[in-house]
Amino acid sequence: SYNPPPIRQQLLEILMEECQVPATFFGRDATMACYACGRTTSTVIDIGYSGTTVSPVYEGYVEQKGVRRAPVGTMAMDEMMVSHLQGLVRAESKSNLKPIYQVRYPKAQRKDAFRRLALLQIGQDCRESGAGQAINMAASKSLQVPSISYCLPDGETVDVSSQTRFSVANLVVGRAPEEDEPKPREELFGKVKKDYEHILQAALEEDGDESGTTAKKKSSNGDGDDDDEEDDDRKEQASKYTEATAVGLSTRKGVKRGRKSSRTKTKEKVKQGSGSSEIRPKVNFDNRILQRACVPYLETMFEQLTASPVANMVCDAAFRCDRDQQAGVLGNVVLAGGGACIGPTDQSVPDTLREQIEAIIHAHTPGWRVKVLSPGMQERAIASWLGGSILGSLGTFHDMWISKAEYEEWGCAIVNRKCP
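Residue numbers for the sequence shown follow the numbering used here, beginning at 12 and rising by one.
In structure tokens:
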């Protein structure tokens, strides 16, 4: 729902030029999740691996001004689960948590990234086995929910307390913490904020360095033809990501992608009878041009980030839409994503979120009812794919996709017009 136009254009070009697909269609995941629940207007909560995205959808179109994102997803839940397991293992055996490869081969050495991935798999298995439950902490204390025993890869058994079990789920679907409580959502938001600032600063510095390099090339006389060819290629690629192409108004044709440098390219000629026809050489793809094209959209994506709980994100996303759209998008809420597949029942997360959203709305609109729609536990993680299959089964779907002939006529900018 938040991919900038240059990314979508480049993906279409790869599919058409490299994969040679006859036709394709790009669907927004929030819109497809609505179709999976039989709705065209709602607010979609997608709890994924890297974060949570709340997107208001009105009449089948995502309202970009209302999209809200939080860097809290199942990966953050797994990291919290691993940290709790580390503490339990150190308290009992005074050793570190061992991944499965280190249990089988004690002397095996792996890089930090590989070790982190192996530990996250342990956290995921522990969380999915029942260590993450979407139950209110007050209700759990009154019911005295027992702890759960979990067997580690090395055969050691640890007891995961009820407080640990519910704190993992509260990280994603819980309310805002009190002043004296830890704030893990704000810590994750601070890390992502620094990453965005670093990417934006690096892109701006690269623009300044390249402008200076271009000026030096113009002042020098050596290798003028090769430098001109490289500059022409870059300008040709950069023309794909102009403001006109972002709204689908460009009529520029697609560009062949290649791996050869422009210094080694030569113009191939095929003789046909007495005459000759000139074949256009392939253009060397430069990823830096795509990165610079995404810079204007980074500021908008940065504004979409928030550390608020999911219920506050839903209300904020709905109130950012037009006034005549707020009742429709706030009345129906669609829950999707693998992070929402936590129990103990199918309605645990939907009921919890409905209570939280209504508590916020009733502060200024008493009596307002919110309907939280969600597929079953087994279908919740693939809700967008289910909606895509429903859309693809329609008899009029062939009028919606982008054919090879349309791509050759309009170029990659057509994706912003036919797949908004």
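Cβ atoms here follow ideal geometry from the backbone N, Cα and C, with glycine treated the same way.
Our contact map puts Leu364 next to Val321 with C-beta atoms below 8 Å; I'd like the distance itself, whole angstroms only. Right, their Cβ atoms sit about 6 Å apart.
Where does Leu119 fall in DSSP's three states? The sequence as given places Ala at residue 119; Leu does not occur at that position. Secondary structure of Ala119 (DSSP, three-state): coil.
Beta-carbon within less than 7 Å of Trp412's beta-carbon, same chain only, minus the 5 sequence neighbours each way: which residues are those? Around Trp412: Ala34, Thr35, Phe36.
If Gly62 sits next to Val83, beta carbons under 8 Å apart, how far is it from one beta carbon to the other, in whole angstroms? Contact holds; Cβ gap of about 6 Å.
Going straight from the alpha carbon of Gln358 to that of Thr42, what length do you get? Roughly 22 Å between the two C-alpha positions.
Would you call the stretch 67-85 in contact with the stretch 414-426, where contact means no fewer than 3 C-beta pairs closer than 8 Å? Contact between the stretch 67-85 and the stretch 414-426 is absent: fewer than three C-beta pairs spanning the two stretches fall below 8 Å.
Pro361 lies in the alpha helix (DSSP H); which residues open and close that run? From DSSP, the alpha helix (DSSP H) with Pro361 extends over 359-372.
Length of the line joining the Cα atoms of Glu436 and Cys326: Since the first residue shown for the chain is 12 and the last is 431, residue 436 is missing from the structure and cannot be characterised.
Starting from the C-beta of Ile159, find all residues in its chain whose C-beta is less than 8 Å away, skip the five residues before and the five after it, and write them out in chain order. Sequence-distant Cβ neighbours of Ile159 in its own chain, meaning closer than 8 Å and more than five residues away, are Ser140, Gly141, Ala142, Asp170, Val171, Arg176.
Runs of alpha helix (DSSP H) wholly within the stretch 15-68 (minimum 4 residues, chain order): Correct list: 16-24, 40-47.
Just to confirm, are Gly348 and Asp57 a CB contact at a threshold of 8 Å? Less than 8 Å separates the beta-carbon of Gly348 from that of Asp57.
Measure the C-alpha to C-alpha separation of Leu22 and Val32 and round it to an integer number of angstroms. If you take the alpha carbons of Leu22 and Val32, they lie about 12 Å apart.
According to DSSP, is Ile352 part of a helix, a strand, or is it coil? The question names Ile, yet the displayed sequence has Cys at residue 352. Look at Cys352 here: in three-state DSSP terms it is coil, with no helix or strand label.
Report the rounded CA-to-CA distance for Ala119 versus Arg303, giving the unit in angstroms. About 42 Å.
Can you give, in chain order, each stretch of the beta strand (DSSP E) that sits fully within the stretch 162-191 and has at least 3 residues? For the stretch 162-191, whole beta strand (DSSP E) runs of length 3 or above, ordered along the chain, are 168-171.
What are the partner residues of Ser395, as DSSP defines its beta bridges? Answer is none; Ser395 lacks a bridge partner.
Indicate the three-state DSSP secondary structure (helix, strand or coil) for Tyr13 in the structure shown. Reduced to three states, the DSSP call for Tyr13 is coil.
Can you name, in chain order, every residue of its own chain whose Cβ lies under 6 Å from the Cβ of Leu96, other than the five neighbours on each side? Leu108, listed in sequence order.
Quick one: what does DSSP say Lys382 is sitting in, helix, strand or coil? DSSP places Lys382 in strand when its eight states are reduced to three.
Determine whether the beta carbon atoms of Ser395 and Asp40 lie at a separation below 8 Å. Closer than 8 Å, so yes.
Kindly identify the DSSP beta-bridge partner or partners of Ala329. DSSP links Ala329 through a beta bridge to no other residue.
Less than 8 Å separating the beta-carbons of Cys332 and Glu74? It is a contact, given that the beta carbons lie within the stated cut-off.
For Pro195 and Glu369, what's the separation of their Cα atoms in angstroms? Separation of Pro195 and Glu369 (C-alpha to C-alpha, rounded to the nearest whole angstrom) is 24 Å.
Considering Asn427, what are the terminal residues of the alpha helix (DSSP H) in which it resides? That run of the alpha helix (DSSP H) goes 426-429.
Taking 7 Å as the cut-off, is the beta-carbon of Pro193 closer than that to any non-hydrogen atom of the ligand COA? No copy of the ligand COA appears in this structure; indeed no ligand is present at all.
Out of Gln132, Arg101, Arg50, Pro117, which has the shortest C-alpha to C-alpha gap to Met86? Looking at the Cα atoms, Gln132 is the closest of the given residues.
Since Gly354 and Val183 should fall inside the 8 Å C-beta cutoff, what is the C-beta to C-beta distance between them, to a whole number of angstroms? Actually they are not in contact, since the Cβ atoms of Gly354 and Val183 sit about 14 Å apart, beyond 8 Å.
Using only the alpha-carbon positions, how far apart do Asn323 and Glu366 sit? Looking at the two C-alpha atoms, the distance is approximately 12 Å.
Taking just the CA atoms, how far does Pro110 sit from Asp123? Rounded to the nearest angstrom, the gap between the Cα atoms of Asp123 and Pro110 is 12 Å.
Given a threshold of 16 other Cβ atoms within 10 Å of its Cβ, counted over all protein chains shown, does Gly422 qualify as buried or as exposed? Counting Cβ neighbours within 10 Å, Gly422 comes out buried, since at least 16 surround it.
Quick check on DSSP: helix, strand or coil for Val345? Here Val345 sits in strand by DSSP.
My understanding is that Val340 touches Tyr69, with C-beta atoms under 8 Å, so please give their C-beta distance in whole angstroms. Going by Cβ atoms, the distance from Val340 to Tyr69 rounds to 6 Å, so yes, they are a contact pair.
Apply the 10 Å Cβ neighbour rule to Gly49 and answer buried if 16 or more other Cβ atoms are within range, or exposed otherwise. With fewer than 16 other Cβ atoms within 10 Å, it is exposed.
Alpha-carbon to alpha-carbon, Val93 and Asp335: Approximately 45 Å, taken between the alpha carbons.
What does a CB cutoff of less than 7 Å around Asp165 pick up in its chain, not counting 5 residues either side in sequence? Counting only residues of its own chain and dropping the five nearest sequence neighbours on each side, Asp165 has a CB closer than 7 Å to the CB of Lys109, Val114.
Continuous alpha helix (DSSP H) stretch holding Ala416: start and end: Residues 415-421.
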